[in-house]
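Structure record follows, encoded as C-alpha cells.
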Amino acid sequence: MRPFEYQAPTSIGEAVALLADTGERARPLAGGTDLLVQLRRGLLEVDLVVDVKKIPELNRISFHPVEGLTVGAAVACAVLCEHPDVRAAYPALIDAASIIGGPAIQGRATIGGNLCNAAPSGDAIPAMIVVGATCTVAGPGGTRAVPVETFCTAPGRTVLGEDEMLVSIRFPAPMPNSGARYLRFIPRGEMDIAVAGAGAWVLLSDDHAQITDARIALAAVAPTPLLADAAGASLIGKAPTEDAFAEAAKLAREAARPIGDVRGTEAQRRHLVGVLVKRALRGAVRRATGDLATPSGRSTEPVQGGRNHG
Amino acid sequence: MANKTRVCARVNGEQVEFLCEPYQSLLECLRDILGLTGTKDGCNDGNCGACSVLLDGQLVNSCLVLGVEIEGREVTTVEGLADWRGLHPIQLAVVEEDAVQCGYCTPGILIAAKALLDREPNPSERRIRTWMAGNLCRCTGYDKIVRAIMRAARSCAQYDPPLYNGRNKARR
Amino acid sequence: MRKKETGRADQSTLTGGYAVIGTRPPRYDAVDKVTGRALYGPDIRLPGLLHGKVLRSPHAHARILSIDTTCAEALPGVYAVVTAEDLPRAEDRRARLGEGAVNFKYLCDNILASAKVLYVGHAVAAVAASTPHIAEQALALIDVEYSLLPAVVDVLEATRDTAPLLHEHMGTRSLAGESRTPSNTASHFQQVKGDPEKGFAEADVVVEREFRTATVHQGYIEPHAGTAIWGADGRLTVYATTQGAFTARDQLAELLDLPMSRIRVVPTEVGGAFGGKVTTYVETVAALLSRRAGRPVKIVMSRSEVFLASGPTSGTAIRVKMGATRAGRITAAQAELYYEAGAYPGSPVGSGAGVMFGPYDIPHGQIDGYDVVVNKPKTGSYRAPGGTPANSAAEQVIDELAERIGMDPLEFRMLNSAKEGTRQIDGAVHTHIGCYEVLETAREHPHYSAPLEGPHRGRGVAHAYWGNWGAQSSSAISVNADGTVAMVTGSVDLTGTRTSLAMQAAEALGLTLEQIVPSVADTDSIGYTEVSAGSRTTVATGQSVVKAARDVIAQMSERAATLWGVPADTVSFHRGTFTTGQDATKSTTFGELAAMLSRTGGPITGVGNIDVQEWGAAFGTHIVDLEVDPETGKVTILRYTVVQDVGRAIHPSEVEGQMQGGAVQGIGWALYEGYQYDEGGQMLNPTFLDYKLPTALDVPSIECVIVEVPYPKHPYGIRGVGETPILPPPAAIANAIYRAVGRRMDRLPMTPGRILEKMGVI
C-alpha cells in the first residue's frame, strides 16, 4: 500500500479545496470500510485521504414530513438505523443499511460511501433509487443535484469530478399508500456481498386496489445498480397481484445484465432477480397497506427474503 | 512524507499519547505502538471481527479505523473490560460456559457482546447470532459463545460488584 | 456403555467414581484469553525487532529466470533480503539424506522457490525491514523474471498425458516401484480385500456415484507467525505458531542444516490450527533474515497469504461403488480416490481411504488411491486429514443403498456395523470400538424420531470413523512445598489440553485441579513430544502425565518409607494419604509430605516419557434437519445433533466444544467453503469475504450426545475426540438435501447455485 497523508477539514469549502488541489490522488474518507480495503490491496493509490466526518452537513439527519429526509454522506449506517424518523418513514433504507456487513461495519460504513464506492452490488443504492433519492454534490463551483440512479456510471466510477464530493442524499417525503422494500440474496446469513439484490417501491390507490406508480432497481446484475424502467412501468394501473409481480419480475430479468464471477453464475443471478423482485414487491405492497413493520433492529429477521414472502 | 502525527486519546479509561503515520490503522497503533496486543488481526479487511473495539461506545473493526481518527476520542479494548475488582460479566460468562478454545477470536467476541448488551439487555438467541455474525470463530461452532452471552445478559443486569475473585474461583 | 445428553445447561458430573474427571472446571488458560493477556505468535515483541515480508509468485507455474534484489537491499530501512540461495542445498547433503533427498528438496523449495514456482503465492524472496510498511515497499523493488508455463488446477486434468508437468523427473510410485514416465500422479496404492467382483455379483442392489470436492482451508483465524533471533553463540531461538515445537525444531534443523541442539523453539499460544500449523512456513525464512540482519525478525502472514501459501487440504475426485443384498448386508465396496497434493507430493489420500468404509463389516472391497500434484499450494493436514471428502462420498452412497433396499438409514448401518475384530479393507483390524453403540444412540435419540413437517425440509444422517493416534510424549511433575505440583508437558495446548491433562494428573495424584499448575515447555525444557494433532494429546500425553504422576507417588512413597523407617513396598497411597501396613499410627497427606521434602532428601520430580502404541478409535453419527428454499437454493439448518463415542469425557464441556467446532467446520465444508480458481491458476477468493466460513447466524445450536465406550488400554478409557466430528456433516447434509428436494448432490460445496442446478431451476 502506498503511504498517504490525512487531513480532516471542518467545512465543505475546505474539503473541496483539498480535493481540487490534489485531484485524482485524493479521496474522501467516510467510514473507510471500502476505501481502506482497496488502498491496502493496491487497487487504488492516493496521496491524501480527506476525512469528511468532521464536516457538520455531512453528519446531519434531518426529517420534515413535507420536505422529506436529508442524510449526510458521513452518517454511519448504525446511526441511520437507530433514527426514529428514518425507521418510521424509510423502512427500505433501513432494510439496506442494516445488512451492509455486520454491526461493526455498520458502526463506520455510510450509505454515502456505499454510493460513492459505486460497486454494482452496493446494497444501499437500489433502495435509494426506488424511493427517488437525489444526491447533493459540492464542488468548487457550488452544489448540484444528481438523481441517485445516474450517480454511478461504471463499477467503481461515479459522476463526481476529482474536485467534487457527496454532501448528502435527499429523500422525498413518503406519500400515503406507498411502500418500499429492499432484499438481497447471499449464501450465508450475513457478511456477504449481494449475489443479487432488488428494491421495489409502489404507490397504491387509496383503496389499495391498484398500483398507481412503481419503481424497481437491481443490485449486482449490471455494471452499476440498475433502475429497471420497464419492470416498474409494467405495474402501473394493475392490481397488486402475483401475476403482476411475475410480469414485472420477467421484465426485470430481461433488463439485468449479470456476469458470472466468484460469487455467482450468470444464470443464477438472472434467476434470482426474478425471485427477489417478486419478494420485494410483495414487501413493498405490504408496507404500502401498513401490513409489514419496519425491521425493529432489535429482533430483526435477516432481510434477504425468507420463504415466499417479502 | 510529512512527520508523524501526534494523537491524544483515551484508551481503556487512560489518557494516551502516541505518534503514528497517517496510514497506520488503529489496530496497528493499539498493538504495535501502545503494546495492547489483546486485539487481534485476523484478516485486516473487516471480515472477521477479531480486531473489534469500541470507539466512543460504538462497535467498530479497528483495522478499518485509522489511528489518527481517534484523536480526542475514547477506545475500549479487551484489556479494558476487567477492572481491579475482577472480570466483567461477559468475560466471566465466557469462562464459565467454556466458550473459549484457542481464544484468538475471544477479544473481538467479548467486545462485540458487550456492545450488544450495552444496548439490549435481553437479546434473544436469534438476535445474538445476528449481531455476532461479524465475529468469526473457527473453533467453537458458536454454541457456547451464544450461551455465554445469554448468561452474561442475565448477570449484566446486576453488574456492579465484582463477581470474580482469584483464579478460577467464582465468589458467591 | 454410558451416554450423556449434555447439550443444554447440564452441569452434572460423570458417575464413574472419579473426583476430577468428568467435571467442568474453568479452563486454565481461559482467564488469560478473556483478558487479552495470552501471547500468540503475532504478539511477540522483542527489542530491535525487524519485520519480515515474503515476495510471492503471481504465477501458478513458471520458471524463475532471475531474481534481482539490489534495489530492495538499497532501500533505507531494509536490513536483509534472502532467496532460495540462502538455504543450504539438498544437493550438498545428498549423501546424508539418501532417499530423503527428494523430499527434502521439496520441503526447501516450498519455503523459498529455486528453479520453478508451482503455485500463485509460492515464496520467492523475503525482506526484513524496520517497519512492515517499508518491508512491503521493498518487496515491490525485487525484480523477478519468470518464464510462464501452463498451469493445471484440476485433479483429474492433472492425471492426463497432456497435462503440464510440475516435476519433470517425478514418476508414479506404487508397489511396482517408480514409473519411468514422468507424471503428475506421484503415487498410486491399491488395497484389496476378498474378491470384489464376486461381492458385486452377489449384490441385489448396486449404487455407483462420482463426487468432486473443492480445496478447503482449515480457516484458523490467527495467521502463521514466527519470530527468529540468533545468539552470538550461533544458537537460534524461534517463537513459533506451531502445533509441535519439536516437529518445528526438526524442520528448522533440516532446512537450516543446523544441529537440533542449536535451536530452541518456543511455542506461542496458537489461534487455531486444525493440522495446518504442523508444517512451518515463515519460521525458516525469519531465521534466514535474522541471521543476515543480526536482529530478531518477525514474519506474520496476511490473510491472503494464509490462503495462498499455507497448506489447505485436498480437492478430490472420488468414485464409490457399493453393493448390498435385499436383506441389507453390504457385499462389496469399491472406491477410486484422486486427491490433490498441491505443488508437491503428499496428500492425505491414504488416511482418507483408511476411514471411508471403516465403520462397516464388508467382505469384499478395493480402494485405489492416487496422489496427484497440481499448481496449488502444497496441502497440509486438516482435522482428520483426507477423511471428510472420502466419508462424504461413501456415506451418500450408503444412504442411497439403504433407500433402494427400503431400510432405515441408521438400521442399515447398524446391520453392517463393524465391531471388535472386524477387518477393514486396508487390512487393519478394529479393536474395542463403540461403532454400534453410537449408531444405536443416534437411532434412539429424540431428534431422529421428531416430526419434521413442511415442504422442502429433510433429515439426513451420516456416520464416521477416525482412527486417532498415540505416539511420543514427555512430561514432568514436580512437587511444590505447598502441596501443589508443577506439571510440564511438551504438548502445545490447542484445544484445552493444559486443563484435560491437569485433570488426569489431579485424578492420579488425588489432588484437586487447582493444585496442578500446568505449563507447556519449549524444546530445551522437556523431552521429545509429538505434535498436538491426530486427536492424540489428551490420550497420549494424558498417559504420559499419569505415568509421571505414578512416578511422583512412587518417589513420595519412598520418602515416606524413609521417614517412617519402613520398607518402601509397604507404603500405599489412597485418596491423598500415604500409609504403611507396618504401622497403623503412621499416615501423612500429600500436602504434609510435600512440605517436608526439602528436609528429607530434596525435590521430587516424576517423569512420564512414553510412546503410545495402541489407542482407541472414535465413531460419530450426525443427524441434521434442514430446509431448502426452492426458489434460491439456500439451505437453512434447523437442527443438528452430534453423537460421538469419546471413551471417557475428561472434561465434558471441552469434549462438546470439539464436537460442536468440528461439526461447524464440516457444515462450512458442506455448504460454503471452497477455493475457486480461474483457468490461469489464480485463486479468486483468498479473503474471508469470499472464502466463506460459517458465521454464528448460519448454524443453530449443536446438540451433543457424549457416548462412552471406554478404551481399555488407557488408564481412564479416553479416546481421541477432536477429528471425528468433522467427517459426517457434508454427507449428512447431502442426505438431508436429498430428502428435502429429491436430488442427490455430487459436489462440495453444495452452494445455493448448485442446488438450483440440480433441481433444474437454472
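Protein chains in written order, with the working numbering: chain Z, 61 to 370; chain F, 3 to 174; chain C, 1035 to 1796.
Built from N, CA and C at the ideal position, the CB exists for glycine as well.
| Asked | Found |
| --- | --- |
| Under 8 Å from the C-beta of residue 114 of chain F: neighbouring residues of chain Z | 163, 164 |
| Residue closest to residue 1346 of chain C, alpha-carbon to alpha-carbon, out of C:1301, C:1333, C:1323, C:1375 | C:1375 |
| Buried versus exposed call for residue 86 of chain F [16 or more other C-beta atoms within 10 Å across all chains shown] | exposed |
| Length of the line joining the Cα atoms of residue 113 of chain Z and residue 73 of chain F | 13 Å |
| Of the residues C:1168, C:1364, C:1157, the one placed nearest residue 1235 of chain C, counting alpha carbons only | C:1364 |
| Of the listed residues C:1289, C:1230, C:1191, nearest to residue 1146 of chain C (C-alpha basis) | C:1289 |
| Buried versus exposed, by CB contacts within 10 Å (16 or more), residue 1590 of chain C | buried |
| Beta carbon of residue 1223 of chain C nearer than 9 Å to that of residue 1403 of chain C | yes |
| Proximal residues, the stretch 1714 to 1745 of chain C versus chain F, C-beta separation under 7 Å | 1721, 1722, 1723, 1727, 1729, 1730, 1731, 1733, 1735, 1736 |
| Collapsed DSSP secondary structure at residue 107 of chain Z in the structure displayed | coil |
| Minimum C-alpha distance to residue 1193 of chain C - residue among C:1205, C:1183, C:1182 | C:1205 |
| First and last residue of the uninterrupted alpha helix (DSSP H) at residue 1764 of chain C | 1763 to 1775 |
| Assigned secondary structure, residue 1509 of chain C (DSSP; H/G/I helix, E/B strand, else coil) | strand |
| Cβ contact (3+ pairs, closer than 8 Å) linking the stretch 1437 to 1457 of chain C and the stretch 1404 to 1414 of chain C | no |
| Buried or exposed by the 16-neighbour rule on C-beta atoms within 10 Å, applied to residue 1203 of chain C | exposed |
| Cβ-Cβ distance between residue 1281 of chain C and residue 1273 of chain C below 9 Å | no |
| Contact set between residue 1710 of chain C and chain Z, taken where Cβ atoms lie within less than 8 Å | 322 |
| Reference residue 1524 of chain C, options C:1566, C:1789, C:1369, closest by Cα | C:1566 |
| Within the stretch 1406 to 1481 of chain C, ranges of the beta strand (DSSP E) (whole runs, at least 3 residues) | none |
| Any chain Z beta carbon closer than 9 Å to residue 131 of chain F | yes |
| Cβ contact (3+ pairs, closer than 8 Å) linking the stretch 1406 to 1421 of chain C and the stretch 1441 to 1452 of chain C | no |
| DSSP-derived helix/strand/coil call for residue 230 of chain Z | strand |
| CB contact below 9 Å: residue 25 of chain F versus chain Z | yes |
| The stretch 56 to 74 of chain F / the stretch 17 to 33 of chain F touching (three or more Cβ pairs under 8 Å) | yes |
| Range of the contiguous alpha helix (DSSP H) that encloses residue 1691 of chain C | 1686 to 1705 |
| Residues that residue 332 of chain Z contacts on chain C, provided the C-beta gap is smaller than 7 Å | 1666 |
| Residue of C:1652, C:1304, C:1718 minimising C-alpha distance to residue 1077 of chain C | C:1304 |
| Contacts of residue 9 of chain F in chain Z (Cβ-Cβ under 9 Å) | The contacting residues do not exist; residue 9 of chain F stays about 11 Å from chain Z at best. |
| Rounded Cβ spacing between residue 86 of chain Z and residue 111 of chain Z (contact assumed at less than 8 Å) | That pair is no contact at about 11 Å. |
| Where the alpha helix (DSSP H) containing residue 173 of chain Z begins and where it ends | 171 to 177 |
| Chain F within 9 Å of residue 109 of chain Z, Cβ atoms only | yes |
| Which listed residue (C:1419, C:1094, C:1393, C:1466) has its alpha carbon closest to that of residue 1384 of chain C | C:1419 |
| Contacts that residue 134 of chain F makes with chain C (C-beta to C-beta distance below 7 Å) | 1730 |
| Opening and closing residue of the beta strand (DSSP E) in which residue 1552 of chain C lies | 1550 to 1554 |
| Members of the stretch 58 to 87 of chain F that neighbour chain C once the beta carbon cut-off is set at 8 Å | 79, 80, 81, 83, 84 |
| Straight-line gap, residue 174 of chain Z to residue 182 of chain Z (C-alpha atoms, nearest Å) | 6 Å |
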